[in-house]
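Visitor: Would you mind keeping the following structure in view while I ask a few things?
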Amino acid sequence: MAIRRFVCCFSSLAILALITLPSAQAGPYDKEISELQKQIDKINSDVDEIKRDIKAEEQRISDFQNELLEIDETISEIETLINNEDSQLAKHPIKLELIADDYIQVWSSRSEPFQLRRELAIDSYVRNDERMNSVLTQSAQLTDETLRGIRSQILYKALIDETEGRLASVDSKMRVTGERVSEVREEITKARSKQRDYIQLQEDTRARIPTINEQILNIRSGIKTLETEIDNLEVETSQLDGEIERYRLLELTKQWTGLPGNDIRRPALAVKIDNVSIARPQAGINQADVVYEELVEAGLTRLIAIFQTTDSRVVGPVRSARTSDPPLLTGFDRPLFAYSGANRGTRKVVRESDLTDVGYDNSRDSYWRSTSRRAPHNLFTSTERLWELHSDRDEIPKPPFTFRTENAPLHPNAKEATGVFIDFGHAEIDYSWNGSGWERTHNGEPHGDGDGVRVAPTNVVIQFTSYGKSAADLRSPEAITEGSGEVWVFTDGHLIEGEWKRKKDSEPAEITSNGIPIRLTPGNTWVALAKSGTATWR
């Protein structure tokens, strides 16, 4: 809990210090930050493209709305035309009525000459005057012999001529009036036809409105989808920004533990520590950044305590190496390797590896034996003495884990857990969450260090590992830490199940869950290289 309070207090200082960092100074997480920034740039580019799409869709809506306005104008114009035709049709009955009146008058005017002609014909017939009949019917030329009653004859002829002329004029007027009626009826027919065409055009134009409105609704729905996509991308950008900020804060923390402070530029130091009952309590195990527990002969285990950020004035008891050690430690950039001898085959493997040998045989002055313990469980060393052997080394090796910042959320796959039990054979290990760390029990006994402090690492990692037989000693199992396998990560009262994968022998394994890196809680970590099926969690 004290560590957490310190981290919390450190956060504000870290942000202030971040502002004052020289811009040209390279950081240990520059690569990760650069990759995250590339993702942000890609998302921003996608957002810009979506915004352009939205603008184009909004322009389509504007075009459709303009089209609706044009449709409204067209409908209004057609309505005017229809009204005009209605007005014209309303006038035609009046025209017909007036023409009918004219026709009646013309017809009436025809009756007078027709009556006169009929009377003359009757008179001629009654008198049986052939000459008058001839005048009436043929208008024949009169001779001197027939000049009797010439006045009557001339009068008859004049009356007949006038009557014929008047009848012809009336008939002509009747024909004209009939033609006018036909013209009006034709106008009515054309007007009604045009009106039907206008009404059909109006209906067709109105029929376009629902389709356009539906297209506008579809476009607006699409715009909402695009806006939602932008919101999601902005959330993702915010998360990536948070990741960048986390890495920048981590640049102000120690890489191997994620705890506040500045890294010390020195190599990793791995010390092989005895773990049988007579060797406990050990020294320095609570100061180590990372402790690996590996299976050795007879179901027992040995510890490899790795120091980088911290020191310990006493570490031990130091024991012999195994062929499992070089392949595991090769991933930490030529670390210093402290051990107390090994058989010939194992010494050959260590010698041929890229480990920096600071073992007892090469650096006896850096070790001493305790008089309070029985050999071979009484050999001890100190981190200061071993680092002094290679004080020229100033590189910071890549850490085996990455860490989250104080308030960063756990992995999405994290689920609550209270502990885990591991059965190595003769070594039965249990870790139980106490609210700030995982209290370790070995074969039913609380595991403490030489200062009486209970072993309770911040993180426990179960790296399920296959074991083969060591070529140096067929009785000795050899951990296969290259390749990939299942991993359980216990951190902050939770379990995250995932996969460990070692892409290069020269680098430590990466741990992920569903492709997402698993980040630990800042602090120290114990790793159990357990066989598959030998652990159960609760």
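Going by this note's numbering, the residue at position 107 of the sequence shown is 87; the numbering climbs one at a time, nothing skipped. The C-beta atom is built at its ideal place from N, Cα and C for all residues, glycine as well.
So, with DSSP's three-state summary, where would you put A171?
Guide: helix
Visitor: Go to P306, then tell me how far its beta strand (DSSP E) extends in each direction, as first and last residue.
Guide: Here P306 belongs to no beta strand (DSSP E); instead the alpha helix (DSSP H) covers D305 to L309.
Visitor: According to DSSP, is I224 part of a helix, a strand, or is it coil?
Guide: helix
Visitor: In whole angstroms, what is the alpha-carbon distance linking S3 and I224?
Guide: Only weak support exists for where S3 lies, its pLDDT of 41 falling under 50; the value from the coordinates is given anyway. The alpha-carbon atoms of S3 and I224 are separated by roughly 15 Å.
Visitor: By how many angstroms is the C-alpha of R226 removed from the C-alpha of T385?
Guide: Pairing T385 with R226, the inter-Cα distance amounts to about 6 Å.
Visitor: Starting from Y447, follow its DSSP beta bridges and name the residues at the other end.
Guide: A459
Visitor: If I'm right that T398 touches R518 with Cβ under 8 Å, what's the distance once you round it to whole angstroms?
Guide: 5 Å
Visitor: Whose C-alpha, out of R299, Q288, F383 and D334, is nearest the C-alpha of I258?
Guide: R299
Visitor: What does DSSP give as the partner residues of E396 in its beta bridges?
Guide: H474
Visitor: Do R314 and P247 have their CB atoms nearer than 8 Å?
Guide: yes
Visitor: Specify the secondary structure class of R420 as computed by DSSP and reduced to three states.
Guide: strand
Visitor: Taking DSSP as the reference, what is the three-state secondary structure of I(-1)?
Guide: Only weak support is given to the placement of I(-1): the predicted model assigns it a pLDDT of 40, under 50, and the question is left unresolved by the model.
Visitor: So V251 is in the alpha helix (DSSP H); what residue range does that whole segment cover?
Guide: Not the alpha helix (DSSP H): V251 falls in the beta strand (DSSP E), residues L249 to I253.
Visitor: How would you call G238, buried or exposed, if buried means at least 16 neighbouring beta carbons within 10 angstroms?
Guide: buried
Visitor: How close, in whole Å, do the beta carbons of R482 and G495 come, if the pair is a contact with beta carbons under 8 Å?
Guide: Actually they do not touch by this definition, with Cβ atoms about 16 Å apart.
Visitor: So, helix, strand or coil for C(-12), using DSSP?
Guide: Note that C(-12) has pLDDT 42, beneath the 50 cutoff, so the model's placement of it is unreliable and the number below is only indicative. Residue state, collapsed to three classes: helix.
Visitor: How is G428 classed by DSSP in three states: helix, strand or coil?
Guide: strand
Visitor: Can you give the Cα-Cα distance for K252 and G296, rounded to whole angstroms?
Guide: 8 Å
Visitor: Sort L369, K449 and Y411 by Cα distance to R434 and report the nearest one.
Guide: Y411
Visitor: Output needed for R327: all residues of its chain with C-beta closer than 7 Å, excluding positions within five of it in sequence on either side, in chain order.
Guide: Cβ within range, chain order: n/a, list empty.
Visitor: Roughly how many angstroms lie between the CA atoms of Y9 and T382, to the nearest whole one?
Guide: 10 Å
Visitor: Starting from the N-terminal side, write out each stretch of the beta strand (DSSP E) that is 3 residues or longer and does not extend beyond the stretch 364 to 416.
Guide: 399 to 403 and 408 to 413
Visitor: DSSP three-state call for V467: helix, strand or coil?
Guide: strand
Visitor: Are the CB atoms of N393 and I476 nearer to each other than 8 Å?
Guide: yes
Visitor: What is the DSSP secondary structure of G347, counted as helix, strand or coil?
Guide: For clarity, residue 347 is Tyr in the given sequence; the question names Gly instead. Three-state DSSP puts Y347 in a strand.
Visitor: Helix, strand or coil for P497 per DSSP?
Guide: strand
Visitor: Measure the CB-CB distance between E479 and E466 and report whether it falls below 8 Å.
Guide: yes
Visitor: Would you mind giving the Cβ-Cβ distance between I30 and E216, rounded to the nearest angstrom? I have them listed as a contact below 8 Å.
Guide: With a Cβ gap of about 13 Å, I30 and E216 do not count as contacting.
Visitor: For the stretch 169 to 178 and the stretch 57 to 64, state whether three or more C-beta atom pairs, one from each stretch, are separated by less than 8 Å.
Guide: The stretch 169 to 178 makes contact with the stretch 57 to 64, as at least three CB pairs between them are under 8 Å.
Visitor: Assuming the contact rule is C-beta atoms closer than 8 Å, A301 and V330 should be a hit. Round their C-beta distance to whole Å, please.
Guide: 6 Å
Visitor: Tell me whether N494 counts as near the ligand NAD, meaning its Cβ is closer than 7 Å to at least one heavy atom of that ligand.
Guide: Looking at this structure, you won't find the ligand NAD or any other ligand, since it has none at all.
Visitor: Smallest Cα separation from D52: which of K170, R186, Q267 and R32?
Guide: R186
Visitor: Would you be able to state if there are at least three C-beta pairs under 8 Å between the stretch 435 to 450 and the stretch 356 to 366?
Guide: Counting Cβ pairs under 8 Å, fewer than three are found: no touch.
Visitor: Can the beta-carbon of L280 be found closer than 8 Å to that of Y447?
Guide: no
Visitor: Is the CB-CB distance between L197 and I23 below 8 Å?
Guide: no
Visitor: State the DSSP-derived secondary structure class of Q337, mapped to helix, strand or coil.
Guide: Residue identity check: residue 337 is Asp in the sequence provided, not Gln. Strand.
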